[in-house]
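Participant:
Protein chains: 2
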Amino acid sequence: MNDMISFVETCIQEGKFSRIREEIIELNVVDIAQLLDELEEEKTLIVFRLLPKEISVEVFSYMSTEQQQYIIESITDKEIQNIISNMFMDDTVDILEEMPANVVKKILRNVSEDRRKLINQFLRYPDYSAGSLMTIEYVDLKKEMTVEQAIQRIRSIGLDKETINICYVMDQNRKLEGVIPIRQLLLNDGSTRIGDIMETNFISIDTHTDQEEISNLFRKYDLLAMPVVDHENRLVGIITIDDIVDIIEQENTEDFQVMAAIQPSEEEYLKTRVTRLAKNRIVWLLILMISATFTGTIIKHYEEVLSSVVVLAAFIPMLMDSAGNAGSQSATMIIRGLALEEIHIRNIGMVIWKELRVGLMVGIILSAVNFLRVYWFEKTDIAVAITISISLFLTIVLAKVVGSSLPILAKKIKLDPAIMAAPMITTIVDALSLLAYFRIATWLIFK
Amino acid sequence: MNDMISFVETCIQEGKFSRIREEIIELNVVDIAQLLDELEEEKTLIVFRLLPKEISVEVFSYMSTEQQQYIIESITDKEIQNIISNMFMDDTVDILEEMPANVVKKILRNVSEDRRKLINQFLRYPDYSAGSLMTIEYVDLKKEMTVEQAIQRIRSIGLDKETINICYVMDQNRKLEGVIPIRQLLLNDGSTRIGDIMETNFISIDTHTDQEEISNLFRKYDLLAMPVVDHENRLVGIITIDDIVDIIEQENTEDFQVMAAIQPSEEEYLKTRVTRLAKNRIVWLLILMISATFTGTIIKHYEEVLSSVVVLAAFIPMLMDSAGNAGSQSATMIIRGLALEEIHIRNIGMVIWKELRVGLMVGIILSAVNFLRVYWFEKTDIAVAITISISLFLTIVLAKVVGSSLPILAKKIKLDPAIMAAPMITTIVDALSLLAYFRIATWLIFK
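Listed in order, the protein sequences are those of chains V and E.
Final position of the first sequence in our numbering is 447; the numbers increase by one with none missing.
Final position of the second sequence in our numbering is 894; the numbers increase by one with none missing.
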């Protein structure tokens with residue numbers, strides 16, 4: 001890639017534009033877009049204008065938002081018309097959502113009345129809903145057509161890429177009656193009636209379905225595309241698998257961020273400003289810091305115990321960390337299971353019972369190992385050693401139960417289960433573990 | 448789904464088998480498989496045998512491993528032959544990898560010599576490599592064919608599902624020369640030569656490419672299928688997008704587990720035995736518990752300081768938790784960026800510089816808020832309040848730098864960056880934060 005960049009830069013300096021064109025059209029459109037992203041702005045524009053019309057639109061849709069904005073601001077109205085009228089509807093909507101108002105205006109001024117209305121309608125669908133993801137480039141057929149007529153229609157529409165791997169059969173009111181993969185058209189005789197070979201048992205969603213649910217359906221049924229219908233079952237668009245792959249990674253990134261107490265953001269890390277990164281992290285850090293005060297209050301409450309047996313303090317980190325780790329192991333398993341729809345709210349009893357047993361097993365091993373270490377190797381007083389081991393055992397079991405049930409309860413009250421991950425669980429079980437620790441200490445050492 | 452299960456159970460009791468068949472073939476194959484998974488074993492077998500041959504194979508490949516094993520063990524050799532000879536190669540290999548030796552034997556006894564050789568070759572590819580994911584069901588064409596001849600060939604092979612959305616053009620030595628989506632066949636005239644319309648600028652991988660790299664390529668280039676070639680560029684198989692969607696979720700699940708200090712496992716949570724769950728979690732818990740001892744040693748070392756100012760102990764949890772959270776925020780962002788290939792090892796300097804500035808900003812805010820709270824509201828001694836705030840500030844900055852650099856260093860030495868997540872980072876920065884805390888305390892309070 002670096003070779004290509006310096007090659008292009010040299011050619012521009014030497015005015016060898018046709019050389020650039022020759023080399024660049026051999027590349028994949030995604031790679032051309034990446035190359036343009038890495039050039040300086042004016043050079044980007046020069047190279048972009050060298051691209052043949054038919055590929056410039058596709059390259060444009062793969063470029064970074066900043067470079068797209070620069071290009072729109074720099075090119076003529078006529079060039080904008082060419083791009084926007086040839087771009088898929090879902091890409092158009094994606095780009096408009098990212099652009100500042102003046103650029104959106106410049107774009108909308110250059111599209112036809114009909115298309116502008118349609119774009120505005122798409123922009124009104126809620127974020128992350130089927131409506132905001134779908135595109136309108138699909139082939140519509142009628143039941144009464146023959147395979148030959150259907151192929152004629154595909155040729156006259158002549159759409160590109162994944163959109164015509166599946167065609168959609170509608171009645172006169174645009175109600176969806178069936179779907180038919182184009183391979184079926186190839187495998188059947190030209191005179192076969194579409195109505196006889198279409199699949200009527202298809203999966204469709206409505207415009208308001210959330211993207212997480214959509215991606216789970218794609219995954220479950222191994223789909224390549226899915227029709228989106230309105231409340232009267234009329235086809236309004238389709239969603240294709242290439243967008244779903246991006247959405248799955250987006251949903252996962254969101255979960256990773258929320259689980260690490262970060263406000264989710266779709267921006268790439270290296271492109272995010274420092275102030276923005278700090279802003280996304282400070283809120284939860286403050287909340288968790290203040291919550292941890294509660295744990296401090298517990299220690300203060302037992303100050304007397306601690307001042308007479310100061311060695312107790314030395315085991316606080318081990319106890320807190322083990323509790324936190326045990327709890328977040330459970331929380332992670334459950335949050336992940338909920339996201340993949342392998343675990344449901346109704347399974348809460350089964351989950352707690354399972355984690356209780358895991359907690360007992362893991363707790364016994366950890367506290368036994370710990371006892372050996374503290375009593376035999378560190379020669380700690382036996383009462384202290386017993387206190388630590390019992391507290392450790394209790395906290396591990398508690399941590400497993402708390403860590404597994406809170407994500408499910410969060411989902412039950414319609415919160416994102418991912419907030420009940422390591423940071424939150426750690427804060428909660430830390431308090432519980434110290435409470436247990438000092439209670440047992442008071443009881444065993446001082447009575 | 449529950450309605451369907453009780454309907455099927457009633458019909459079996461009443462011997463109304465044709466009713467079951469009528470109802471069930473209206474369902475999607477994935478739903479039939481799910482239904483069979485939830486029936487008792489003997490009933491599963493009854494219903495499975497009611498399925499028409501052409502759909503039973505597909506249903507079988509979607510069933511759970513346990514039910515697949517039960518079915519293979521219960522049906523006749525002839526039935527096994529029907530299933531195995533009609534199943535896609537990638538599904539066959541997946542199933543064989545999961546089955547116990549005696550079942551594998553029973554299956555292999557029932558396939559032809561040629562197919563057995565092929566299966567054995569597939570089973571030898573390393574796990575998670577392109578070789579173990581690919582399938583061999585694709586349409587191969589020759590450059591010299593016309594579109595009409597190509598369509599003839601597709602009809603004679605007549606493959607199913609996603610496999611024939613793209614055809615592969617090879618020379619006489621089976622070297623891959625180009626790819627052609629079937630929509631191109633539909634859009635072009637019957638007499639057009641394949642060599643003139645095929646794409647020669649395609650992306651291919653070799654049999655040993657890792658699945659994470661493969662899924663990143665699918666995502667980057669919006670692919671639907673990708674050819675797999677051997678070291679002499681001969682086509683040996685293809686990988687299709689439906690498998691990639693599963694792999695992406697699998698890779699994410701693995702990252703979530705490793706990041707929560709769990710040994711990764713592909714089993715569904717509810718189907719995993721308690722002993723297995725405990726086993727997957729105990730190793731890291733033990734390692735981390737023993738590492739936390741180090742932190743305890745630091746406290747012991749400063750026992751004198753602590754016993755004269757016991758209140759210092761009350762702020763240990765807040766300090767440890769804030770450091771842990773700040774560090775794991777950074778680690779999560781970097782681990783995720785590395786996985787999505789948005790961050791590379793060469794960016795380490797840029798990343799540390801970014802996190803250093805984020806740490807300074809976040810650290811100042813947190814320690815200011817903390818000072819206000821501790822000094823004004825809790826009326827703590829000023830020297831203690833200053834000690835806490837300075838330590839907090841230092842630890843936040845340290846945590847950000849450690850949390851962001853360790854995942855990159857792990858990748859550099861070919862470890863999975865995900866192990867440098869919350870649990871590991873917390874253990875490390877806990878020790879650092881307590882060291883800073885007691886050093887500053889000794890200096891500020893006792894000098």
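Glycine included, C-beta positions come from ideal geometry on N, C-alpha and C.
Computed from a predicted model, the values in this text were never measured in an experiment.
#1: Helix, strand or coil for Asp657 of chain E per DSSP?
#2: Buried or exposed, going by whether 16 or more other CB atoms sit within 10 Å of the CB of Phe446 of chain V?
#3: Quick one: Cα of Thr593 of chain E to Cα of Ser638 of chain E, how far?
#4: Taking only beta-carbon atoms, is Ala459 of chain V less than 8 Å away from chain E?
#5: How would you list, in chain order, the residues of chain V whose beta-carbon sits under 7 Å from the beta-carbon of Arg449 of chain E?
#6: Indicate whether the contact test is met: 3 or more Cβ pairs, each with one atom in the segment 338-356 of chain V and one in the segment 406-419 of chain V, closer than 8 Å.
#7: Compare the beta carbon distance of Ser852 of chain E and Ile792 of chain E with 8 Å and say whether it is the shorter of the two.
#8: Taking only beta-carbon positions, decide if Leu733 of chain E is within less than 8 Å of chain V.
#9: Quick one: measure Cβ to Cβ for Val401 of chain V and Gly359 of chain V, integer angstroms, because I've assumed they're closer than 8 Å.
#10: Please state whether the Cβ-Cβ distance between Ser64 of chain V and Asp37 of chain V is less than 8 Å.
#11: Have a look at Thr253 of chain V and Ile790 of chain E and give me their C-alpha separation to the nearest angstrom.
#12: With DSSP as the reference, label Met259 of chain V as helix, strand or coil.
#13: Mind checking if Met361 of chain V is an interface residue toward chain E, Cβ cutoff 8 Å exclusive?
#14: Give the single residue among E:Leu492, E:Arg681 and E:Asn663 whose Cα lies nearest to the Cα of Glu698 of chain E.
#15: Just verifying my parser: in three-state terms, what is the DSSP assignment at Ala368 of chain V?
#16: Is it buried or exposed, Leu523 of chain E, if we count other Cβ atoms within 10 angstroms and call 16 or more buried?
#17: Thinking Val550 of chain E and Gln514 of chain E are a contact (beta carbons under 8 Å), I'd like their distance in whole angstroms, please.
#18: With 16 as the cutoff for other CB atoms within 10 Å, does Phe377 of chain V come out buried or exposed?
#19: Please name the residue, chosen from V:Ser367, V:Ile364 and V:Ile334, that lies closest to Lys354 of chain V on a Cα-to-Cα basis.
#20: Pairing CB atoms from the segment 471-491 of chain E with CB atoms from the segment 449-458 of chain E, are three or more of them under 8 Å?
#21: Looking at Pro628 of chain E and Ala292 of chain V, is the spacing between their C-beta atoms short of 8 Å?
#22: To which residues of the same chain is Ile262 of chain V closer than 6 Å at the C-beta, ignoring the five residues directly before and after it?
#23: From the beta carbon of Gln67 of chain V, is the nearest beta carbon of chain C less than 8 Å away?
#24: Does the separation of the CB atoms of Val455 of chain E and Val494 of chain E fall below 8 Å?
#25: Check whether chain E comes within 8 Å of Phe393 of chain V, counting only Cβ atoms and requiring the distance to be less than that.
#26: Does any C-beta atom of chain V lie closer than 8 Å to the C-beta of Lys425 of chain E?
#27: Does the segment 574-590 of chain E come within contact of the segment 615-627 of chain E, defined as at least 3 CB pairs closer than 8 Å?
#28: In this structure, what does DSSP give as the bridge partners for Glu41 of chain V?
#29: Grouping DSSP H, G and I as helix and E and B as strand, with all else coil, what is Arg571 of chain E?
#30: Between Leu650 of chain E and the rest of its own chain, which residues show a CB-CB distance below 8 Å, the 5 nearest in sequence each way excluded?
#31: Between Gly327 of chain V and Val429 of chain V, what straight-line distance do the alpha-carbon atoms span, to the nearest angstrom?
#32: Should Asp561 of chain E be labelled buried (16 or more other beta-carbon atoms within 10 Å of its own) or exposed?
#33: Relative to the C-alpha of Gly743 of chain E, which candidate in V:Thr380, V:Ile241 and V:Ile214 has its C-alpha closest?
#34: Mind checking if Leu783 of chain E is an interface residue toward chain V, Cβ cutoff 8 Å exclusive?
#35: Output, in chain order, the set of chain V residues within a Cβ distance shorter than 8 Å of Asn413 of chain E.
#36: Using a beta-carbon distance below 8 Å, is Tyr375 of chain V in contact with chain E?
Facilitator: Taking the coordinates as given:
#1: Position 210 of the second sequence, counting from 1, holds the residue named residue 657 of chain E. In the structure shown, Asp657 of chain E sits in a strand (DSSP, three-state: E or B).
#2: Counted from its first residue, the first sequence places residue 446 of chain V at position 446. Label assigned to Phe446 of chain V: exposed.
#3: Locating residue 593 of chain E in the second sequence gives position 146, counting from the first residue. Locating residue 638 of chain E in the second sequence gives position 191, counting from the first residue. Straight-line Cα distance between these residues: approximately 5 Å.
#4: Outside the shown range of chain V (1 to 447) lies residue 459 of chain V, about which nothing can therefore be said.
#5: As a first step, residue 449 of chain E must be located in the second sequence, where it is residue number 2. According to the sequence as given, residue 449 of chain E is Asn; it is not Arg. The premise fails here: Asn449 of chain E is roughly 12 Å from chain V at the closest Cβ pair, so nothing lies under 7 Å.
#6: yes
#7: Walking along the second sequence from the start, residue 852 of chain E turns up at place 405. Walking along the second sequence from the start, residue 792 of chain E turns up at place 345. The answer is no: Cβ separation not under 8 Å.
#8: Within the second sequence, the letter at position 286 stands for residue 733 of chain E. True, the Cβ-Cβ gap to chain V drops below 8 Å.
#9: The residue given as residue 401 of chain V occupies position 401 in the first sequence. The residue given as residue 359 of chain V occupies position 359 in the first sequence. Right, the Cβ-Cβ distance comes to about 7 Å (below 8 Å), so this counts as a contact.
#10: Residue numbering aside, residue 64 of chain V sits at position 64 when the first sequence is read from its first letter. Residue numbering aside, residue 37 of chain V sits at position 37 when the first sequence is read from its first letter. Yes.
#11: Here residue 253 of chain V corresponds to residue number 253 of the first sequence, with the count starting at 1. Here residue 790 of chain E corresponds to residue number 343 of the second sequence, with the count starting at 1. Thr253 of chain V and Ile790 of chain E: Cα-Cα distance of roughly 14 Å.
#12: In the first sequence, counting from the first residue as 1, residue 259 of chain V sits at position 259. Helix, per DSSP.
#13: Walking along the first sequence from the start, residue 361 of chain V turns up at place 361. Yes - at least one Cβ of chain E is within 8 Å of the one on Met361 of chain V.
#14: The sequence position of residue 698 of chain E within the second sequence is 251, counting from 1. Ranked by how close their Cα comes to the Cα of Glu698 of chain E, the residues E:Leu492, E:Arg681 and E:Asn663 have E:Asn663 in first place.
#15: Position 368 of the first sequence, counted from the first residue, corresponds to residue 368 of chain V. Of the three classes helix, strand and coil, the one that applies to Ala368 of chain V here is helix, per DSSP.
#16: The residue given as residue 523 of chain E occupies position 76 in the second sequence. The displayed chain sequence assigns Thr, not Leu, to residue 523 of chain E. Thr523 of chain E should be labelled exposed.
#17: Translated into the one-based positions of the second sequence, residue 550 of chain E becomes position 103. Translated into the one-based positions of the second sequence, residue 514 of chain E becomes position 67. Not quite, the Cβ-Cβ distance comes to about 12 Å (not below 8 Å), so this is no contact.
#18: Working through the first sequence from its first residue, we reach residue 377 of chain V at position 377. With fewer than 16 other Cβ atoms within 10 Å, it is exposed.
#19: The sequence position of residue 354 of chain V within the first sequence is 354, counting from 1. Nearest option by C-alpha distance: V:Ile334.
#20: yes
#21: Numbered from its first residue, the first sequence carries residue 292 of chain V at position 292. Numbered from its first residue, the second sequence carries residue 628 of chain E at position 181. No; because the gap between Cβ atoms is not below 8 Å, this pair is not in contact.
#22: Here residue 262 of chain V is taken as the residue at index 262 of the first sequence, counted from 1. Closer than 6 Å at the Cβ level, and outside the excluded window around Ile262 of chain V, lie Asn280 and Arg281.
#23: In the structure shown, chain C cannot be found, because the protein chains are V and E.
#24: Within the second sequence, numbered from 1, the residue matching residue 455 of chain E stands at position 8. Within the second sequence, numbered from 1, the residue matching residue 494 of chain E stands at position 47. Yes.
#25: Within the first sequence, the letter at position 393 stands for residue 393 of chain V. Not an interface residue.
#26: As shown, chain E starts at 448 and ends at 894. That puts residue 425 of chain E outside it, with no answer to give.
#27: yes
#28: Numbered from 1 along the first sequence, position 41 holds the residue referred to as residue 41 of chain V. According to DSSP, which records beta bridges pairwise, Glu41 of chain V is partnered with nothing at all.
#29: Locating residue 571 of chain E in the second sequence gives position 124, counting from the first residue. Correct three-state label for Arg571 of chain E: coil.
#30: By 1-based counting over the second sequence, the position of residue 650 of chain E is 203. It is Ile, not Leu, that sits at residue 650 of chain E in the sequence shown. The answer, listed in chain order, is Leu664, Tyr668, Leu670 and Met673.
#31: The count along the first sequence starts at 1 and reaches residue 327 of chain V at position 327. The count along the first sequence starts at 1 and reaches residue 429 of chain V at position 429. Between Gly327 of chain V and Val429 of chain V, the C-alpha separation is close to 7 Å.
#32: Along the second sequence, read from residue 1 onward, the residue named residue 561 of chain E stands at position 114. Answer is exposed; the Cβ neighbour count stays below 16.
#33: Reading the second sequence from its first residue, position 296 is the one you call residue 743 of chain E. If we check each option's Cα against that of Gly743 of chain E, V:Thr380 comes out closest.
#34: Taking the first residue of the second sequence as position 1, residue 783 of chain E is located at position 336. The residue you asked about is not Leu; residue 783 of chain E is Arg in the sequence shown. Arg783 of chain E counts as touching chain V.
#35: Outside the modelled stretch of chain E, which goes from 448 to 894, sits residue 413 of chain E, for which no answer is possible.
#36: Position 375 of the first sequence holds residue 375 of chain V. Chain E, which has no Cβ nearer than 8 Å to the Cβ of Tyr375 of chain V, makes this no.
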